[in-house]
Amino acid sequence: MDLTDLLASWELHLRAERKSAQTVKSYGDGVRAYIRFCDEHDRPQSIDRTTLRLMMDVMLTEGAKPATATSRHLAVRRFSAWLTEEGEQDTDPLLGLKAPKLDQPVVEPLSDADLRALIKACKGPAMRDRRDEAIIRLMFTTGARAGEVVGMQTTDLDLRENPPNAIIRRGKGGRGRSVPLAVEVAAALDRYLRARKSHRLASEPALWLGDRGKTFTYDALHKTLRGRADAAGVEGFHPHRLRHTAAHRWLSRGGSEGGLMAVAGWTRPEMLLRYTRAQSAARAAAEAERLNLGDI
Numbered sequence: 001m002d003l004t005d006l007l008a009s010w011e012l013h014l015r016a017e018r019k020s021a022q023t024v025k026s027y028g029d030g031v032r033a034y035i036r037f038c039d040e041h042d043r044p045q046s047i048d049r050t051t052l053r054l055m056m057d058v059m060l061t062e063g064a065k066p067a068t069a070t071s072r073h074l075a076v077r078r079f080s081a082w083l084t085e086e087g088e089q090d091t092d093p094l095l096g097l098k099a100p101k102l103d104q105p106v107v108e109p110l111s112d113a114d115l116r117a118l119i120k121a122c123k124g125p126a127m128r129d130r131r132d133e134a135i136i137r138l139m140f141t142t143g144a145r146a147g148e149v150v151g152m153q154t155t156d157l158d159l160r161e162n163p164p165n166a167i168i169r170r171g172k173g174g175r176g177r178s179v180p181l182a183v184e185v186a187a188a189l190d191r192y193l194r195a196r197k198s199h200r201l202a203s204e205p206a207l208w209l210g211d212r213g214k215t216f217t218y219d220a221l222h223k224t225l226r227g228r229a230d231a232a233g234v235e236g237f238h239p240h241r242l243r244h245t246a247a248h249r250w251l252s253r254g255g256s257e258g259g260l261m262a263v264a265g266w267t268r269p270e271m272l273l274r275y276t277r278a279q280s281a282a283r284a285a286a287e288a289e290r291l292n293l294g295d296i
């Protein structure tokens, strides 16, 4: 099999299934990493359990993040299943193969001081300043994923409703949802939309527009927010930490778990535990103090 050529066909199939651009990229990166591994280690370019296990071992030994290893493993398994469905291989050699058991890293949410510093780093009259502040406020209050934010359109906002809200058209798994917006977020979005009117692409449906007349991509979001974090002195920043932060803040302020799952777009309770594990003890202590269980 020519795995490189078949990968191009699989990516076309994924796009035809309306998978998100980020999902297609993630799966493609995983299979390309597998193909490179086969070439670099003098192994045949074929789907093989031993090769995939060896690839995982080398990646983790060399310091790859557990999330990256898991993503690569999933991509190759999905690719192998597709090859079998398409008749490119007689059987799926990875059928039933489980992902490597890895420690789940604890991601600490950003503190309120960190969030204030990020917002302060966005202060300025330029459209990009207002854009970045609106994005940061949106992400740490709603928990929207970076890919969901990038895909938003101007018609997805209803800032005049009470409360204001936004529509996530295509979340993970193709599921859409409506998310309520805090009034501070709505105000930041309104300031951005007014500044957006002077952009040469103002008539485009995409909500977010880039600098110097360009469109705004997933990579652009990561780059600009990391730049704001550097300016704010927030260490270890990654845009995904804003999702963890949103989950922690929701629960710490008395929000329900069911409400958080609806806003964040989760369908499985284990995702709730994963995103809120870091500060669970602190929230429990604060709740115990409010409950005052010793008072009889």
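Per UniProt numbering, the very first residue in the sequence shown carries number 1; after that it's consecutive.
Heads up, the beta-carbon is just placed ideally off N, CA and C, and yes, glycines get one too.
Note that the structure is predicted; figures quoted are calculated from it, not measured.
Just to confirm before moving on: does the CB-CB distance between residue i and residue j stay below 8 Å?
i, j, result
"LEU260", "LEU251", "yes"
"GLY96", "SER71", "no"
"PRO180", "ASN165", "yes"
"GLY143", "VAL263", "yes"
"LEU272", "TRP266", "yes"
"PHE237", "ARG249", "no"
"ARG200", "GLY213", "yes"
"SER20", "ALA75", "no"
"ALA182", "THR245", "no"
"TYR34", "MET55", "yes"
"THR215", "ALA206", "yes"
"ALA247", "THR276", "yes"
Just to check my reading of the structure: residue i and residue j have Cβ atoms closer than 8 Å, yes? What is that Cβ distance to the nearest angstrom?
i, j, result
"LEU189", "LEU157", "6 Å"
"GLU88", "LEU6", "6 Å"
"PRO100", "ASP48", "Their Cβ separation, rounded to whole angstroms, is 16 Å, which puts PRO100 and ASP48 out of contact at 8 Å."
"LEU193", "VAL149", "So it is not a contact: roughly 15 Å between Cβ atoms."
"ALA67", "ALA231", "Contact doesn't hold; Cβ gap of about 26 Å is too wide."
"CYS38", "THR50", "Rounded, the Cβ-Cβ distance is 11 Å, inconsistent with contact."
"GLN45", "LEU3", "5 Å"
Given that a residue counts as buried once 16 or more other Cβ atoms are within 10 Å of its Cβ, and exposed if not, what is residue i?
i, result
"ARG131", "buried"
"ARG137", "buried"
"GLN153", "exposed"
"ALA229", "buried"
"ARG175", "exposed"
"HIS41", "exposed"
"THR23", "buried"
"ASP114", "buried"
"MET139", "buried"
"ALA288", "exposed"
"ALA69", "buried"
"MET1", "exposed"
Is there a C-beta anywhere in chain B that falls below 8 Å from the one on residue i?
i, result
"HIS41", "No chain B is part of this structure, which consists of one protein chain only."
DSSP has residue i in a bridge; who is on the other side?
i, result
"GLN153", "ALA206"
"SER178", "ILE167"
"THR215", "LEU209"
"residue 310", "Because the chain spans 1 through 296 in this model, residue 310 falls outside it and cannot be assessed."
Out of the options, which has the shortest C-alpha to C-alpha gap to residue i?
i, options, result
"LEU159", "ALA146, SER178 and SER46", "SER178"
"PRO239", "ALA146, ILE168 and ALA246", "ALA146"
"ARG170", "GLY151, ALA187 and ALA186", "GLY151"
"TYR218", "ARG36, ALA186, THR245 and ILE135", "ILE135"
"ALA81", "MET139, ALA126, LEU14 and GLU108", "LEU14"
"ARG116", "GLU270, LEU291, GLU184 and ALA247", "GLU184"
"LYS65", "VAL106, ALA284, ARG36 and GLY254", "VAL106"
"ALA282", "ILE119, ASP57, THR91 and ARG253", "ARG253"
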